[in-house]
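What follows is one structure encoded as structure tokens, with my remarks underneath.
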Amino acid sequence: MSFLELDQVSVAFGPAGNRTEVLSDLNLKVAENEFVAVIGFSGSGKSTLINTLSGLEPPSTGEVRMAGRRVTGPGPDRGLMFQNYSLLPWLSVNENVALAVRTAFPRLSKAEVADKVAHYVRMVKLDHAGDKKPHELSGGMRQRASLARTLSLDPQVLLLDEPLSALDALTRSELQDQILNIWETDRRTVVMITNDVDEAVLMADRIIPLTMGPGATLAEEFAVNMARPRDRHTLNDHPEYMRLKSEITSFMMHLNKESKELTAGKVVPMPDIRPRDFSLPSATPRLKPRAQHPTSAA
Amino acid sequence: MADSSIKDKIKYALLKGIDVSGFKVLDPPVRLAFGEEPQKQVRDIAKYMVLPILFVLACLGIWTVMGPNHKTKSGEVPTPAKILTAYEDNKRFDERQEEKASDFIVEGAEREATLAEAEAELARLEAEAARLGELSDEIAAAAKEQMDARIAPLRSELESLKAKHGELEDQREAEMTALAGKVAEKQAEPAELVAMVREHEKIEDAEGATEDVIESRIDEILANPPEEVKEAQMAANRVADEVQHYKKRIAILTNENRNVKEAEYLEKIAKDEAELAAATEPKKVIREAKSIARNAERAESATTQTYPRTATIFWQTKRSLATVFVGFLIAAALAIPIGIMCGLNRIVMACLTPIISIFRPVSPVVWLLIFQIIIGAFFPDPEKHPLFVSLNQDKWFGWLPNPVAFLQTNPAMIFSACTVAMCALWPALVNTALGVSSIDKDHMNVAKVLRLGFWSRLFKIVIPSSLPLVFAGLRISLGVGWMVLIAAEALSSSDGLGKFVWDEYQNGSSQSFANIILACFVVGIIGFFLDRIMIFLQRLVSFDDGSATA
Chain B
1020 MSFLELDQVS VAFGPAGNRT EVLSDLNLKV AENEFVAVIG FSGSGKSTLI NTLSGLEPPS
1080 TGEVRMAGRR VTGPGPDRGL MFQNYSLLPW LSVNENVALA VRTAFPRLSK AEVADKVAHY
1140 VRMVKLDHAG DKKPHELSGG MRQRASLART LSLDPQVLLL DEPLSALDAL TRSELQDQIL
1200 NIWETDRRTV VMITNDVDEA VLMADRIIPL TMGPGATLAE EFAVNMARPR DRHTLNDHPE
1260 YMRLKSEITS FMMHLNKESK ELTAGKVVPM PDIRPRDFSL PSATPRLKPR AQHPTSAA
Chain W
3 MADSSIKDKI KYALLKGIDV SGFKVLDPPV RLAFGEEPQK QVRDIAKYMV LPILFVLACL
63 GIWTVMGPNH KTKSGEVPTP AKILTAYEDN KRFDERQEEK ASDFIVEGAE REATLAEAEA
123 ELARLEAEAA RLGELSDEIA AAAKEQMDAR IAPLRSELES LKAKHGELED QREAEMTALA
183 GKVAEKQAEP AELVAMVREH EKIEDAEGAT EDVIESRIDE ILANPPEEVK EAQMAANRVA
243 DEVQHYKKRI AILTNENRNV KEAEYLEKIA KDEAELAAAT EPKKVIREAK SIARNAERAE
303 SATTQTYPRT ATIFWQTKRS LATVFVGFLI AAALAIPIGI MCGLNRIVMA CLTPIISIFR
363 PVSPVVWLLI FQIIIGAFFP DPEKHPLFVS LNQDKWFGWL PNPVAFLQTN PAMIFSACTV
423 AMCALWPALV NTALGVSSID KDHMNVAKVL RLGFWSRLFK IVIPSSLPLV FAGLRISLGV
483 GWMVLIAAEA LSSSDGLGKF VWDEYQNGSS QSFANIILAC FVVGIIGFFL DRIMIFLQRL
543 VSFDDGSATA
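Chains B and W, in that order, are what the protein sequence lines are.
Be aware that the first sequence starts at 1020, since it is given in this note's numbering, and climbs by one per residue.
Be aware that the second sequence starts at 3, since it is given in this note's numbering, and climbs by one per residue.
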């Protein structure tokens, strides 16, 4: 049974006369406690998709359903982790998490809130930096703080919007492991947006490519039939991993090529014009012959 | 190890304090004191401390040299040394007010002691004044002799020149008369006579000019007595002033002191009471009773009286600060809520934009006049208005000392503050609106995901994130307010530094010019510190190292 569902969803922007459809006819069913990765090129509408799932961006047509009920707006039951952390810069890590805890659980006493904050901050291994402000943290630490804030809402669905794309490779793999660890000990439904095939194959149960925008839609899915926990060190020898990786990569490359061919007809040939030389004739003798005008050569 | 880490902590605490307060120039000396890269610090001190100080000293030097060369109607431009003297004199003036005020209320044995002291001091000062007066006269006499010696040859030269010119003139007159006779007899051409008259006038002018040269030399000598004469005169005047002050003090201590007055009235009451007891006629009895009642009232009012001080520059400064503070608070209290509403809601912004656009460029002078009329209508009889009565009474509820009594609040202060508020409003308002409307969209998304209500969205997201810009606006507002206030006070004669400057300009004593320049420095230095305070607050509320709003 599907827990989170997109039913014929389209999202369009712009004034009525000149609407651009970013996403069209999206259908997606995510089962409870399933880890789904949506993979796509940048600019294909990935963030719009996650915003639609979270309720920040209402669909133009179709509907988003969670546990059978229509989603009408954002809420703490769908924890959204932003691509650029979105920590409040005037609050420390603990205070950022506490703000989320207090709004998700308004009945908790002060001590209970503090306990919960400490729990989630420890979970992402930030307890040594709980009193630091975001600008004092590295990118990885900020993303961990953002993860702690999202988790502290105790959401039924985790929506991860390219959570690791701004990080360096080492920090990235460390955080991937952390997210997987947390997910495996405390299962819940996850939709992750990514542009990294390796990351998708390593983490997800299913991988769904998003075709090129505008008017992007979801393509045929790839099921990842690999046992968990997956060990990144032996993964490169895993035949299934290698197969999936090459299949998805070639599928994505194909998508890219297709979209380029689609737009190829729109290329406008530039007029063949050379800039005229307006420089004043020089009276003094020059030591070097004047260089060719740079643009005329090009 | 532990020792050095404590040292490091102190060092970094100091550097942090310097950074937050914005006195970056003190950074190298602190680092030098802790022995960090001494060569670099010495170089930095030379570049950023020694050179600027030398530059300022050079400016003062140019001022000292150039100032006296420019003669104005209010005397020559005072040198920095004279400004310093003006400061000293203003300080002494303020102290005298303080002494007289305390003489006015001192009582009992203490009064006697103070009186004795003052009398002894007066005797000493009178002797001193006599000595200095004589000295000054001697010096003046000597200088006069010297000047006379210098003038005498010029005078005699002028005399002889005048005599010679007179003779020559008589000669020419005679020639002209002779020629005129011939013209009358038609023996000569009239044109010849006209030419002669013109020639005569030219010569006369030339002779007058040579006389003038000598006369102006004499005047110059007379107008510039030697420096030591002026100095001796000033020293004598200063002591004479002091003598006057002590005479006044003694008068206060013996007669005007409020306790002395009260005792006088009480004595009268006792006398009246005795007469009343002895009186037999009803008419006389009622007269005595009336007199007792009147004197009792006088005695009572005498006990609460204070000495009517004359305004000094220090008091005017305090009053200006109070006024600008009140105006600034009004401006902030209006600008921040309105700015937040404008930033949150585009309709509110659209409604207020025409009002802001039209009123922002209006000159403070216009606001001053408008508020003067409006505020004046609120307080037809300010002396008795409860607001001013309560603000100016000595004690609240009969026991709580009133900390603002010394300001002597009046409607002028209120409308000056309103003018300040009206002009200081706009930068804070516009900046607040900008800060609120330019909140990071991601932060608003966080608020949406957390489903924060309006108020927690306002207090947890909107206000904290716009605070740095709000404070940047408030800083500009305070600067504008301080500038506007001085002008408003000068124009409206509301007590404060502006009025001080205006009064000095109007009364034109020998020290006025120096006092005006002194006030200029006071205004500047206070404005500087107000700005520093705002920078400090701004850095406290900024969350990204203060770099974005520095």
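In this text, a Cβ means the ideal position worked out from N, Cα and C, and glycines have one as well.
Predicted, not measured: the structure shown is a model, and the values here were computed from it.
Does residue i have its Cβ less than 8 Å from a Cβ in chain B?
i	result
Phe545/W	yes
Ala552/W	With a pLDDT of only 32 at Ala552/W, under 50, the local geometry of the prediction cannot be trusted, and no value is derived from it.
Val438/W	no
Ile315/W	no
Pro1/W	One cannot answer for residue 1/W here, as it falls past the ends of chain W, which runs 3 to 552.
Ser468/W	no
Asn433/W	no
Val451/W	yes
Ile441/W	no
Asp444/W	yes
Ile463/W	yes
Gly548/W	Any reading at Gly548/W must be qualified, since the residue scores a pLDDT of 42, below 50, and its modelled position is unreliable; no value is offered.
Val448/W	yes
Leu53/W	no
Quick check: what's the CA-CA separation for residue i versus residue j?
i	j	result
Met1261/B	Glu1218/B	13 Å
Ala449/W	Thr1122/B	10 Å
Lys1192/B	Glu1181/B	Residue 1192/B is actually Ser in this sequence, not Lys. Rounded to whole angstroms, Ser1192/B to Glu1181/B spans 14 Å at the Cα level.
Phe408/W	Lys397/W	11 Å
Leu1072/B	Asn1103/B	18 Å
Ala550/W	Lys9/W	Because Ala550/W carries a pLDDT of 39, less than 50, the predicted location of this residue cannot be relied on, and the following value inherits that uncertainty. Using only the alpha carbons, I get a separation of about 31 Å.
Gly329/W	Leu431/W	15 Å
His1252/B	Leu1194/B	15 Å
Leu224/W	Pro155/W	14 Å
Leu471/W	Ile340/W	15 Å
Glu47/W	Phe25/W	For the record, residue 47/W in the displayed sequence is Ile; it is not Glu. Distance between the alpha carbons of Ile47/W and Phe25/W is about 13 Å.
Ala197/W	His167/W	20 Å
Looking at C-alpha atoms only, which residue of the options is the closest neighbour of residue i?
i	options	result
Gly69/W	Phe515/W, Tyr507/W and Lys292/W	Phe515/W
Gln1162/B	Met1289/B, Gly1094/B, Val1143/B and Asp1196/B	Val1143/B
Ser138/W	Pro80/W, Leu402/W and Pro228/W	Pro228/W
Ile205/W	Arg174/W, Ile537/W and Phe25/W	Arg174/W
Thr1268/B	Pro1108/B, Val1216/B, Asp1250/B and Lys1152/B	Val1216/B
Ala103/W	Ile254/W, Phe545/W and Phe399/W	Ile254/W
Pro80/W	Ile64/W, Arg94/W, Gly483/W and Leu170/W	Ile64/W
Ala1188/B	Asp1150/B, Ala1035/B and Gly1159/B	Gly1159/B
Ala419/W	Lys462/W, Phe327/W and Gly526/W	Phe327/W
Met1100/B	Pro1288/B, Lys1279/B and Ser1066/B	Ser1066/B
Arg157/W	Arg260/W, Asp214/W and Ala145/W	Asp214/W
Cys522/W	Leu436/W, His202/W, Tyr89/W and Ala182/W	Tyr89/W
Could you tell me whether any Cβ in chain W is nearer than 8 Å to the Cβ of residue i?
i	result
Asn1113/B	no
Phe1101/B	yes
Leu1179/B	no
Ser1061/B	no
Pro1108/B	yes
Lys1152/B	yes
Leu1274/B	no
Classify residue i as buried or exposed, calling it buried when 16 or more other Cβ atoms lie within 10 Å of its own Cβ.
i	result
Gly1059/B	buried
Arg459/W	buried
Trp504/W	buried
Glu187/W	exposed
Ala111/W	exposed
Thr1230/B	buried
Trp484/W	buried
Cys353/W	exposed
Leu170/W	exposed
Val368/W	exposed
So residue i and residue j are in contact, right, with Cβ under 8 Å, and what is the actual spacing, rounded?
i	j	result
Glu1203/B	Pro1258/B	No, Glu1203/B and Pro1258/B are not in contact; Cβ-Cβ is about 23 Å, not under 8 Å.
Val1136/B	Val1120/B	6 Å
Gly1126/B	Leu1178/B	Here residue 1126/B is Arg; the residue named in the question, Gly, does not match the sequence. Not a contact, Cβ separation roughly 25 Å.
Ala304/W	Ile271/W	Not confirmed; about 12 Å, so no contact.
Leu1075/B	Asn412/W	With 8 Å as the limit, Leu1075/B and Asn412/W do not qualify as a contact, their Cβ atoms being about 57 Å apart.
Val1112/B	Ala1164/B	5 Å
Glu258/W	Glu277/W	Glu258/W to Glu277/W, Cβ: 27 Å. No contact.
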